[in-house]
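Here is the structure we will look at.
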Amino acid sequence: MEHTKNKPFKQKLLFIKDVEQIIGRNRLTLRRWWSAGKFPTPTKLNGTVLVWQTDVIEQWINLHTESK
0 MEHTKNKPFK QKLLFIKDVE QIIGRNRLTL RRWWSAGKFP TPTKLNGTVL
50 VWQTDVIEQW INLHTESK
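The letter at position 8 of the sequence shown is residue 7 when you use numbering that gives the first Met the number 0, and the numbering goes up by one with no holes.
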């Protein structure tokens with residue numbers, strides 16, 4: 000098995016507080032949105048910590064931002 004100690008991660012993870020700041024909505028709204036299928040569902044780390052991949056959030060923003 001190859002050791003990956005020195006290899007950088009390609010994907011960055013965002014915690015709920017990060018996503019709240021980026022999207023401008025609180026965690027309750029985000030939870031309602033993902034429960035209703037209107038927002039990407041987070042991944043749980045260690046069964047409790049909610050995270051999203053940065054590119055998933057960026058894609059969602061791009062799809063839901065009106066171009067002017």
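C-beta: ideal position from N, C-alpha, C; glycine also. Because the structure is a prediction, the values reported are computed rather than measured.
Within the continuous alpha helix (DSSP H) that includes residue i, where are the two ends?
i   : result
K11 : Premise fails: K11 is in no alpha helix (DSSP H) and is neither H nor E.
Buried or exposed: which applies to residue i, given that a residue is buried once 16 or more other Cβ atoms fall within 10 Å of its Cβ?
i   : result
V18 : buried
L62 : exposed
I38 : The sequence given here places Phe at residue 38; Ile does not occur at that position. Per the 10 Å Cβ criterion, buried.
L73 : Missing from the structure shown is residue 73; the chain here goes from 0 to 67 and no further.
Looking at the structure shown, is residue i part of a helix, part of a strand, or coil, going by DSSP?
i   : result
R24 : coil
TODO: Any chance you could list the beta strand (DSSP E) runs of at least 3 consecutive residues sitting entirely within the stretch 31-65, in chain order?
DONE: 42-44 and 48-52
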